[in-house]
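Participant: Residue numbers (the working numbering), protein chains in the order written: chain A, 1 to 333; chain B, 334 to 666; chain C, 667 to 999; chain D, 1000 to 1332; chain E, 1333 to 1665; chain F, 1666 to 1998. Every residue, glycine too, gets a C-beta built ideally from N, C-alpha and C. In this text, all values refer to a predicted model and were calculated from it rather than measured experimentally. My questions will all concern the structure given below.
Protein chains: 6
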Amino acid sequence: MKTFINEIKENDHVESLFLVKEKSSGITKTGNAYLKLKLMDRSGEIEGRIWTSVETFADSFGKDDFVQVLGKASSFQEHLQLNITHIQRVGEEEILFSDFFPMAEKDIEEMFRSLLEISQQIKNPHLSQLLQLFWEDESFIKLFKMAPASKWLHHNYLGGLLEHTLSLVQLVLKNVSHYHGLNLDLLLTASILHDLGKVDELSYHRSFDYSDEGRLLGHIIIGIERLVDKIRQLPDFPKNLSTLLKHLLLSHHGQYIWGSPKRPMTLEAVMLHYLDDMDAKMNGIQQFIKKQVPEGSRWSTYHRMFDQYFYVPALWEQMELSDKIEKNKPEEE
Amino acid sequence: MKTFINEIKENDHVESLFLVKEKSSGITKTGNAYLKLKLMDRSGEIEGRIWTSVETFADSFGKDDFVQVLGKASSFQEHLQLNITHIQRVGEEEILFSDFFPMAEKDIEEMFRSLLEISQQIKNPHLSQLLQLFWEDESFIKLFKMAPASKWLHHNYLGGLLEHTLSLVQLVLKNVSHYHGLNLDLLLTASILHDLGKVDELSYHRSFDYSDEGRLLGHIIIGIERLVDKIRQLPDFPKNLSTLLKHLLLSHHGQYIWGSPKRPMTLEAVMLHYLDDMDAKMNGIQQFIKKQVPEGSRWSTYHRMFDQYFYVPALWEQMELSDKIEKNKPEEE
Amino acid sequence: MKTFINEIKENDHVESLFLVKEKSSGITKTGNAYLKLKLMDRSGEIEGRIWTSVETFADSFGKDDFVQVLGKASSFQEHLQLNITHIQRVGEEEILFSDFFPMAEKDIEEMFRSLLEISQQIKNPHLSQLLQLFWEDESFIKLFKMAPASKWLHHNYLGGLLEHTLSLVQLVLKNVSHYHGLNLDLLLTASILHDLGKVDELSYHRSFDYSDEGRLLGHIIIGIERLVDKIRQLPDFPKNLSTLLKHLLLSHHGQYIWGSPKRPMTLEAVMLHYLDDMDAKMNGIQQFIKKQVPEGSRWSTYHRMFDQYFYVPALWEQMELSDKIEKNKPEEE
Amino acid sequence: MKTFINEIKENDHVESLFLVKEKSSGITKTGNAYLKLKLMDRSGEIEGRIWTSVETFADSFGKDDFVQVLGKASSFQEHLQLNITHIQRVGEEEILFSDFFPMAEKDIEEMFRSLLEISQQIKNPHLSQLLQLFWEDESFIKLFKMAPASKWLHHNYLGGLLEHTLSLVQLVLKNVSHYHGLNLDLLLTASILHDLGKVDELSYHRSFDYSDEGRLLGHIIIGIERLVDKIRQLPDFPKNLSTLLKHLLLSHHGQYIWGSPKRPMTLEAVMLHYLDDMDAKMNGIQQFIKKQVPEGSRWSTYHRMFDQYFYVPALWEQMELSDKIEKNKPEEE
Amino acid sequence: MKTFINEIKENDHVESLFLVKEKSSGITKTGNAYLKLKLMDRSGEIEGRIWTSVETFADSFGKDDFVQVLGKASSFQEHLQLNITHIQRVGEEEILFSDFFPMAEKDIEEMFRSLLEISQQIKNPHLSQLLQLFWEDESFIKLFKMAPASKWLHHNYLGGLLEHTLSLVQLVLKNVSHYHGLNLDLLLTASILHDLGKVDELSYHRSFDYSDEGRLLGHIIIGIERLVDKIRQLPDFPKNLSTLLKHLLLSHHGQYIWGSPKRPMTLEAVMLHYLDDMDAKMNGIQQFIKKQVPEGSRWSTYHRMFDQYFYVPALWEQMELSDKIEKNKPEEE
Amino acid sequence: MKTFINEIKENDHVESLFLVKEKSSGITKTGNAYLKLKLMDRSGEIEGRIWTSVETFADSFGKDDFVQVLGKASSFQEHLQLNITHIQRVGEEEILFSDFFPMAEKDIEEMFRSLLEISQQIKNPHLSQLLQLFWEDESFIKLFKMAPASKWLHHNYLGGLLEHTLSLVQLVLKNVSHYHGLNLDLLLTASILHDLGKVDELSYHRSFDYSDEGRLLGHIIIGIERLVDKIRQLPDFPKNLSTLLKHLLLSHHGQYIWGSPKRPMTLEAVMLHYLDDMDAKMNGIQQFIKKQVPEGSRWSTYHRMFDQYFYVPALWEQMELSDKIEKNKPEEE
């Protein structure tokens, strides 16, 4: 059974699976070699030390490996440290991914099915064929189901890209008929594909970070490339439809300063930008509030990226007040 | 019957109702006094001149009066000019308001009924009582039904404030359940009241312009004052509910630079800002496109406020392409 | 007698009054409960620990209480810690407020009398009556005398709001006649009331922080509300005078980006903004220089908010040079 | 006697002095040469044409000359035009400068005397000697009395630099004692010299425009050079006093974006910046309001540089209200 | 022989080739149909009117056609107008392109040969093969030789893209060895391709304007697409080399606000950005100065995009001074 | 022989020269006085303690002295500390400057000779004479050879100003002929002098920091003063040449926000700005990459000033790929 890092206490004997995040070697004051590890799981990180059988273990596992560990927790300079007596590499198939990484709370397969169903509503044959090509691309689908939507800001967990995409698509369905003259097929397709490039922008198989491509090109450009690659397989795909679709992807950040090389110039692009931005902000704030509102407080800590604090109104209080006013009412009249 | 200004041609005899937008007097080369008028209706403006019986007419009407005019159109320096032989002031009850000012296309009473119905869904007794006070305030309702939402940017016609408010309320109803933990009653109330102050910000009984209060205080502050004035009549209205509601009004522009003295700090305030901004932009672009896309072009002229051009995709073309692809399909397979 | 925290040294026996800033409980390695406190006074903060009679003391006082403490200072991990053997809650009346919080150096009552005297110069009967209402509002006056003008930036001490207000009023008196056509009564009234809302923006009875209202609405809006509340009691108060007065309050920050929803549009509003901003900056820099110029340096440390350093010229040096030049003068000639 | 351009009416016979602002030649349809002039005085500009004796007059005067003109006003395409029958160059000594250029309303010599008197209050011998060098520099004084303070924004008339300088110095005297620890001598000297470089930044002997030096270097740098030039003549002038004085000149615009290469870093520099900026704004708005508030309006036209409108409250109205309230008072009590 | 529009004078009989920029029809006061044209060539534009044989000519030519025109120039309301008696469509092969559009002064074929030669210095086989694909693409080369580099700002003439590209490549050759460790092959390839997308961004066969693709996607993205299209034909092209090359294209504008979705992150990208920006500015200013420095002035008119004026120093003057100083030298010594 | 601080290990006996960066005294728990030092050399800093003979050593040396130290390294709270048994002040002549401060890698005298040679190419006699005055000013040359170009950003080592100046001059020589009509003499002179003021802006004889003058005036203004001082010695120096030269110095930062009080208005000023900025960035990034790319990574750490990461492509990899492709080539064809 998995022992989570945030549950380990001083003097605990620990036997569990962890991921090796860092690995280096050192020399003790008495001149012996030892191994310094940083181990992690979903719940946090802990320092690890191997003082004995160093030669045996040294080459048997590496950074980014999952390992089975046997050891005892001690306290060193106010921090816990795991003194490891046995360690062994285990394969990816022996671990439960969700023990190690934050995962979307909603079921990934279910979300994906919902997205597929919606995409089947698209009537324009070109757009429909285009999406079909993506849905037939298994390596893409595997990444698309796994990728987070962002390293920090919102949907920052495995499955987050899919969750955000589905959410945006649903928002489009709710709002599109509110205005006259919007092209639903175009909006749905663009929503489904808008953050496409995030499958390559971040690396997320061991920890969340930007890939080289992600930093040097960004998900907007990567997405355009993946899109162009599919469109090329559809020789009848109309040029101006392709241009409009690309415009929606390019402009969905809304402003140059937010990394869009073009600002939205069509009604569809304007709506896509607003709904995408709203969904990212709403989820981002909800994630932040979950972790960053100190107990007993209604205020979050300071959110650096947004440069502000967030307030969580006490809903129960308003409800109680509702009751009270009911009781008070006779007096009022 | 009303003759509209944009239908008048050289040498036409004109007999119709107009609004006097400007009025001044001049002296002809031969030393006689004459009157210079600018007349307007919904369709445009025209210069007017009274060369005879000047003493008779001079004091019989004024700027901002509706007048019945008899005259003949001539061309002076490439512009049409109405040489008036008779003019007479008429009361507001004799004219059709929509002949003179741009009006919302949707029926005002119907929109107002829809808004009332939605406001009756609000369960929180305080918020419900608060709205009730507004709905019982007839002078407010008269202004609220008439006011435009903006001088230039969006919903810039009589009834525009009501149309925009109803639109925002409907957007809130569509989107609120998409996120967990939002207070619908608070959001609906804030949406209904968010642009409240616009009833006083603009003057719109003769032409659209900012009132002194509008320029010196702005609709956000005026709205807060009108809100506070009603809340004061509800001694049991909870203080923190009042603070939250005011926060939503204050922060609905989203950024300091757009005139909000506070940025949105609650999930409700964040959603209100996005939906309000989206609705204003969407309507604004639609209004702009209607008038500012030259025939034969798919591009609008330059929109100064937004500092960009807008593109109107040819929807029919995509549809035709859809047909074509259907026909082509056999060949494809 | 008060022992100040910054005077406590290792091994000192301490018997003095403190304010409890934080209070929580812990468990020793041997399994006993103990109390962890953070105590503060004007001079700083110190950790406190209660190892014995924990049950007795645990519920006898709370966070934000003033307490009489008996204990001994020891050093733990490079920091001082007070091991408390006795602790007892005392009432607010038994302590000297200025022992616990930074206070204005000038006498509060005297400053308030000066402000009252100046406010009696106002001849406009409406403005005069308006101020009278504030001066008759005892609960307001109590807050107005106590509130700081800011949490960090300037006049950040009890009485700071009053000190800043008086200072601004005096600046107005010095400068108003320098320009033609300014309305002194309006300027004085607006100066007196300009930061009115700060009485509710900050909480300052135990520590300085923003109140919920302060963060969600801000002092400008809170001030407008308090102002409107008084004006309502004056049915003859002219509407346009009220609008002008509100405009001065709203626009006194000068720019949207500094939180003013309107920029100054009258000469009075422009002057008010400049003098207010100058007074805040001058005081802010003076406060900063007092604490943040390292001994032997003429440069302050880096001021984050202003993003710069400040320089304190050595005045004595210039004076000495003055002497020297006197002596040199004969040689010069 | 001077006939002012804004008084000329169609068919007037005109005999007066003007300044030639533009001069070029043209060919009539019948193939004859004629001269096209633009004439100006303080009140405006008028087109001039010389149809006869063209050869005689052509080389007898030039652009930027003052001329005595004989002619008749006619109307051409809605604009007045002066058909000139005689024209003759006159020397600068024959004209009244204030007939041709906007001048400060206050007496220049009187303002200069006031400035001298104030500068004699300076006790620091170095600063006092420094100013003395400027006051002994007659060519400087001539420019200093004549220069405007700005082409457009404020004090944009001959004598404006002196008027603005005196105004700033007086503001310094009013405000300096309000704060503790400011060096009055330094502040006065810096105020007197702060816009020094404007004597060379603008050319203002025929029309107001930037000189080459003004555009390429700016008045701040030109002023520093003129200052350095004088300080060099005072070998005992302390280096750090010189640095502080230069810092005040350099930083008086307050922000990089307003052309200051350094922001104010001493209390004196901060005050100088605020008072200078306030004085420029107040005068600029007053000048603007004088010309740009349409009759019957309380709002100025749009001020492009400040990107806003200004409001001129009706003071008399408030006064009348004061009377009214007096009369009402008995009823109130 | 071509008569250029800027040479036409009133009453001239004109017989020449023009391009039809606008074409519409009108009705005279007497009720007859006429044609309104706007004709253009390299030197300017002129209004054209066809009053007779309207039915004959009406359908014989259209907007964007080249036409042979016979007519007479008259003056209408201060503007010249060509009254056309005969008009006839001519084919593109009968006209001289450079009579109608601004062209690069340098020979296009010669510039292209220089570029080819430089591109042959590239040793990296992948990059070399990539460029080869472009040089073998004749339809691309045709556009690449013709396209301007910008509508307004710089190299705004036919051949401008090629001229700017060659210029940048030469700058790279001059500067690359100045710093250690730069990859010349990568820099040369990126320089050659950096503005690639401009071949589609602008339409430039009849007048310079943005194409739909240009406005909706921009030349950076269009260029990436054209690049990706070629790389796909090279299966061995290394992925990271491709990423680096794309990064250089994406980031060459240097800042988000200038339309780059990524900022330069490698030394090569930094250099490319600076040299490209310098070349665009230098050419842009030179073009502007040529046309926008009024005779007799050393200052250009105001450049809106750059928000400033430019100064053209009188070089001869400095040289003369050089001579003078030579002559003066003896006196100096 | 010099022992460098970054080579010292626990328990090492150390005997070497250091610079005293900080010096203060403390009292041990047992009540004895001791000395606390911070010692530095080129490689880093180390804490020093003198526990014995404190009275003897206390006044024998001071902060900013070079000292010969005898001591033993021990570890205290995870940091090394030098327990000093003997310490003695040594003169500047006994140490090797480059042991203590970062120095340019290139030879200073050689760089200076190169600069002199280039400056002799200048033909304009005024500019040539001007530079001659600088080259004859020995105290200036001493500073000019020693000064760093910046505290942090680029060329932040002794000799850095000279290295950057030479680099810029060489860039000018490479690029000037690329554009028509640039004045080489002016550009070379301005390049040589552009950062002139940095000799006084920073203090760099013991550590790099801003001088008072540097912070209060900045190197641009200081440079202008030094330039004006020399020009004054050349009575025939043409005024407009002087203005142009000063303009190039003033505007070389390119933007107000980067501290230039004027933006570049001539072609020479534009080029100077671009090449200077490119050289500073390229060197700054190279310096940063050297120290801030973790082993095994291709990405630098975050660069705060530039707000980004930098990427170091693996050049060898591309080369290997080149080889591989060679081998693959047969298969390709």
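If you run the structure through DSSP and keep just helix, strand and coil, what is B/W632?
Facilitator: If DSSP states are grouped into helix, strand and coil, B/W632 belongs with the strands.
Participant: Three or more C-beta pairs closer than 8 Å, one from the segment 1257 to 1266 of chain D and one from the segment 1194 to 1208 of chain D: is that the case here?
Facilitator: At 8 Å Cβ cutoff, the stretches do not touch.
Participant: So for F/S1740, helix, strand or coil by DSSP?
Facilitator: Residue state, collapsed to three classes: strand.
Participant: What residues are listed by DSSP as bridge partners for F/H1751?
Facilitator: BP columns for F/H1751 point to F/L1735.
Participant: Please list, in chain order, the chain A residues whose beta carbon lies closer than 8 Å to that of F/Y1974.
Facilitator: In chain order: R215.
Participant: Tell me whether the segment 1956 to 1966 of chain F and the segment 1229 to 1248 of chain D touch, counting them as touching only if at least three CB pairs, one residue from each stretch, are closer than 8 Å.
Facilitator: Touching, no.
Participant: Would you say A/Q170 reaches chain B, if we count a Cβ-Cβ gap shorter than 8 Å as a contact?
Facilitator: Yes, because at least one Cβ of chain B sits closer than 8 Å to the Cβ of A/Q170.
Participant: Nearest to E/A1601 by alpha carbon, out of F/M1947, F/M1930 and F/M1936?
Facilitator: Considering only alpha carbons, the answer is F/M1947.
Participant: Verify whether the separation of the beta carbon atoms of A/K2 and A/D64 is less than 8 Å.
Facilitator: Against a cut-off of 8 Å, the Cβ pair of A/D64 and A/K2 comes out as no contact.
Participant: Against chain B, does A/H178 count as a neighbour if the rule is that its beta carbon must be under 8 Å from one of theirs?
Facilitator: Answer yes: the Cβ-Cβ gap between A/H178 and chain B drops below 8 Å somewhere.
Participant: Residues of chain D with a CB under 8 Å from the CB of C/K947: which are they?
Facilitator: Those within 8 Å of C/K947 in chain D are V1269 and Y1273.
Participant: Is the beta carbon of B/F570 closer than 8 Å to that of B/H488?
Facilitator: Not closer than 8 Å, so no.
Participant: For E/G1363, count the other beta carbons within 10 Å of its own beta carbon; 16 or more makes it buried, fewer makes it exposed. Which is it?
Facilitator: The residue in question, E/G1363, is exposed, as its Cβ has fewer than 16 Cβ neighbours within 10 Å.
Participant: For E/I1554, count neighbouring Cβ atoms within 10 angstroms of its own Cβ and tell me buried if that reaches 16, exposed if not.
Facilitator: Its Cβ being crowded by 16 or more others within 10 Å, E/I1554 is buried.
Participant: Can you find a C-beta in chain F that's less than 8 Å from the C-beta of D/E1224?
Facilitator: Yes, D/E1224 counts as interfacial toward chain F.
Participant: Alpha carbon to alpha carbon, what distance is there between C/R964 and E/R1547?
Facilitator: If you take the alpha carbons of E/R1547 and C/R964, they lie about 56 Å apart.
Participant: Taking just the CA atoms, how far does B/Q619 sit from A/H180?
Facilitator: Roughly 9 Å between the two C-alpha positions.
Participant: Pull up the distance between the alpha-carbon of F/E1770 and that of F/N1671, whole angstroms please.
Facilitator: Cα to Cα, the separation comes out at about 20 Å.
Participant: Quick one, which residues of the segment 433 to 463 of chain B are near chain A if we go by CB-CB under 9 Å, in chain order?
Facilitator: Result list: K456, N457, P458, H459 and Q462.
Participant: Could one say the Cβ of E/R1595 lies closer than 8 Å to chain F's Cβ atoms, at least one of them?
Facilitator: True, the Cβ-Cβ gap to chain F drops below 8 Å.
Participant: Any Cβ of chain F within less than 8 Å of the Cβ of D/Y1255?
Facilitator: With 8 Å as the cut-off, D/Y1255 counts as an interface residue toward chain F.
Participant: Quick one: give me the first and last residue of the alpha helix (DSSP H) that E/E1545 is part of.
Facilitator: Start and end: D1544 to L1548.
Participant: How about B/D612 and B/S500: do their beta carbons lie closer than 8 Å?
Facilitator: Yes, Cβ-Cβ distance for B/D612 and B/S500 is below 8 Å.
Participant: At what residues does the alpha helix (DSSP H) containing A/A147 begin and finish?
Facilitator: No alpha helix (DSSP H) contains A/A147, which DSSP labels as neither H nor E.
Participant: What do you reckon, are the CB atoms on B/L352 and B/D374 nearer than 8 Å?
Facilitator: Going by C-beta atoms, B/L352 is nearer than 8 Å to B/D374.
Participant: What whole-angstrom Cβ distance do A/I122 and A/L171 have, given they're in contact under 8 Å?
Facilitator: So it is not a contact: roughly 16 Å between Cβ atoms.
Participant: Return yes when the Cβ of B/K623 is within less than 8 Å of the Cβ of B/D542, no when it is not.
Facilitator: Cβ distance not < 8 Å, so B/D542 and B/K623 don't count as in contact.
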